[in-house]
Amino acid sequence: MKLKIGITCYPTVGGSGVVATELGKMLAEKGHKIHFISSSLPFRLKERNCNIYYHQVEVSQYSVFQYPPYDIALANKMAEVINREELDILHVHYAVPHAVCAILAKQISGRNVKIVTTLHGTDITVLGEDPSLTDAIRFGIEKSDTVTAVSKSLISQTYDLIKPDKPIEAIYNFIDERVYQKIDSTYLKAEYGIPQEEKVIIHVSNFRAVKRVTDIIKTFAKIAESIPAKLLLVGDGPEVTIICDLVSELNLRGKVLFLGKQSNVEELYSMSDLMLLLSQKESFGLVALEAMACGVPCIGTNIGGIPEVIIDGETGFICELGDINTIADKAIYILMNDNIHKCFSDRSIEVANEKFRADLIVKQYEDLYFNLIRRS
Ligand code: GMT
1 MKLKIGITCY PTVGGSGVVA TELGKMLAEK GHKIHFISSS LPFRLKERNC
51 NIYYHQVEVS QYSVFQYPPY DIALANKMAE VINREELDIL HVHYAVPHAV
101 CAILAKQISG RNVKIVTTLH GTDITVLGED PSLTDAIRFG IEKSDTVTAV
151 SKSLISQTYD LIKPDKPIEA IYNFIDERVY QKIDSTYLKA EYGIPQEEKV
201 IIHVSNFRAV KRVTDIIKTF AKIAESIPAK LLLVGDGPEV TIICDLVSEL
251 NLRGKVLFLG KQSNVEELYS MSDLMLLLSQ KESFGLVALE AMACGVPCIG
301 TNIGGIPEVI IDGETGFICE LGDINTIADK AIYILMNDNI HKCFSDRSIE
351 VANEKFRADL IVKQYEDLYF NLIRRS
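Just so we're aligned: 145 in the UniProt record's numbering is position 145 of the sequence shown, and the numbers increase by one with no gaps anywhere.
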């Protein structure tokens, strides 16, 4: 049986948008009809696929509205698509506003569409602490037909912060192993002017304060004292100016490459020897998984879902938040020891494939959809 599934996510760069879009693409490959409903085309939705449709939410800009009514317009568009396309499932990523909009849309449409909500982290760990949103988040969770979260840690944080009366199932994020794999990128190192014998450390994020990119720079400064190395910073965001200033202050300007937003990051991972993810909030850490799939050992903080992705002592190391000296020591240990690096790299690829392979995770979502439909 093939399903008709609506998907709503934040379409701009971000792990939740990536996961939602990749899930839609995979489900479309399996023959399900996928209807993306969002404010703009999800950035990863590039190729044409006859099973994928896109419905843009248009928001009125009447002068009487102090704020454009995006949430109402989204609910209205969702209801329109539910009815016209006879959706079986509406899968929304983020409790607010998307789950709340989906519940409203279901009522507007009058159709028994099943609502699946996936929690990604920011909606709980950041917004969940805002009293003006807590009750709405709890409502979105409790009134969804099924709720999933991207890590076990996020489930316990959701119960701690929001206290919903609802079971939540962990379904991990995944990578498309056809894309994320180690490729020969020696030519790229030359293109970036990095001598072949120099080590490459990579960090990929949206440079928000929670990513603690300043800790990455401080750690790199210590590593660069012992090893010839370059740091690749991939992405863009609010902290970039602070980070540039710190790079200059620590005399690292020739050693840190600010690459900005990049596509085909698998090439950049493939030329890297180590990934650093030193966040203070991280429900999963999709970038660590992407790096692992390309054979890059990772050092991450003991925060949120990171220890569910990086296996301490097998695919990298887990260190305490802000413990720059230990992080730098462990990084140098991996980078100076070819045998350890190879073991961690091979094990990273194995874990990415065994635990987070696309077909495995997409099947879990598919089973969940079919169970919901069977129950109705
Ligand atoms: O990390 C971000 O700032 C972006 C955020 C998002 O909403 O896209 O990422 C969240 O969802 C990703 C996909 O599930 C997770 O890999 C990230 O860990 C999570 N971010 C946080 O929890 C801070």
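Note that the Cβ used here is the ideal one computed from N, Cα and C, for glycine as well.
Sequence-distant residues of the same chain with beta carbon closer than 7 angstroms to glutamate 86, five excluded per side:
In its chain, beyond the 5 residues on either side, Lys4 have a beta carbon closer than 7 angstroms to the beta carbon of glutamate 86.
Which residues in the same chain as valine 247 place their Cβ atom closer than 7 angstroms to its Cβ, once the five residues preceding and following it in sequence are excluded?
Ile217, Arg253 and Val256
Of all the options Glu239, Ile194, Ala170 and Phe284, which has the alpha carbon lying nearest to the alpha carbon of leucine 232?
Comparing Cα-Cα distances from leucine 232 to each of Glu239, Ile194, Ala170 and Phe284, the minimum goes to Ile194.
Count the other CB atoms within 10 Å of the CB of residue 377; is the residue buried (16 or more) or exposed (fewer)?
Lying outside 1 to 376, the shown extent of the chain, residue 377 is not represented and no answer is given.
Check the DSSP bridge columns for arginine 357 and list the partner residues they point to.
Beta-bridge partners of arginine 357 (DSSP): Ile175.
With distances taken Cα to Cα, identify the nearest neighbour of lysine 166 among Gln196, Tyr180, Glu142 and Tyr94.
Glu142
What separation, rounded to the nearest whole angstrom, lies between the Cα atoms of threonine 134 and proline 164?
10 angstroms
Distance check for proline 297 and aspartate 329, CA to CA, integer angstroms please.
15 angstroms
For lysine 211, verify whether its CB is less than 8 angstroms away from any heavy atom of the ligand NAP.
What this structure holds is the ligand GMT, not the ligand NAP.
Quick one, which of Leu90, Lys199 and Glu22 has its alpha-carbon nearest tyrosine 369's?
Leu90
Residue nearest to valine 59 in terms of C-alpha spacing, selected from Ile72, Gly295 and Ser270
Ile72
Considering Cα atoms alone, identify which of Lys199, Asp323, Ile243 and Pro11 is closest to methionine 271.
Lys199
Just to confirm before moving on: does the CB-CB distance between alanine 291 and valine 204 stay below 9 angstroms?
yes
So cysteine 319 packs on isoleucine 327, CB below 8 angstroms; how close in whole Å?
5 angstroms
Would you check if the distance between the CB atom of leucine 259 and the CB atom of isoleucine 201 is smaller than 9 angstroms?
no
Between the C-alpha atoms of proline 88 and lysine 261, what's the straight-line distance to the nearest angstrom?
Residue 88 is actually aspartate in this sequence, not proline. Looking at the two C-alpha atoms, the distance is approximately 36 angstroms.
If you pair each beta-carbon of the segment 96-109 with each one of the segment 154-161, do three or more pairs fall below 8 angstroms?
Cβ pair count under 8 angstroms is below three, so no.
For lysine 2, name the three-state secondary structure that DSSP assigns.
coil
Helix, strand or coil at histidine 203 according to DSSP, with G and I counted as helix:
strand
Examine the ligand GMT and report whether any of its heavy atoms sits within less than 8 angstroms of the Cβ of asparagine 302.
When distances are taken from the beta-carbon of asparagine 302 to the heavy atoms of the ligand GMT, even the shortest one reaches 8 angstroms or more.
From Gly24, Ile349, Pro11 and Tyr62, pick the residue whose C-alpha is nearest to that of tyrosine 365; which is it?
Gly24
Count the other CB atoms within 10 Å of the CB of lysine 281; is the residue buried (16 or more) or exposed (fewer)?
buried
For residue 393, does the three-state DSSP call read helix, strand or coil?
There is no way to answer for residue 393, as the model of the chain reaches only from 1 to 376.
Using the Cα positions of residue 426 and glycine 6, report the straight-line distance between them to the nearest angstrom.
Because the chain here runs from 1 to 376, residue 426 falls outside it and cannot be looked at.
Rounded to whole angstroms, what's the CA-CA distance from residue 386 to alanine 149? Just pull it up for me.
What the structure shows of the chain is the stretch from 1 to 376, and residue 386 is not part of that stretch, so it cannot be assessed.
Answer yes or no: the CB of phenylalanine 284 versus the heavy atoms of the ligand GMT, is any distance below 8 angstroms?
yes
From the DSSP output, in three-state form, read off lysine 211 for me.
helix
Taking the alpha carbon of residue 383 as the point to measure from, which residue in Arg212, Tyr10 and Ile242 has its own alpha carbon closest?
The structure shown does not extend to residue 383, since the chain is modelled only from 1 through 376, so no value can be given for it.
Distance check for asparagine 112 and methionine 78, CA to CA, integer angstroms please.
13 angstroms
Pull up the distance between the alpha-carbon of asparagine 325 and that of glutamate 314, whole angstroms please.
Rounded to the nearest angstrom, the two C-alpha atoms are 20 angstroms apart.
Please report the Cβ distance between glutamate 177 and asparagine 353, rounded to the nearest whole angstrom; I am assuming they are in contact, meaning their Cβ atoms lie under 8 angstroms.
6 angstroms
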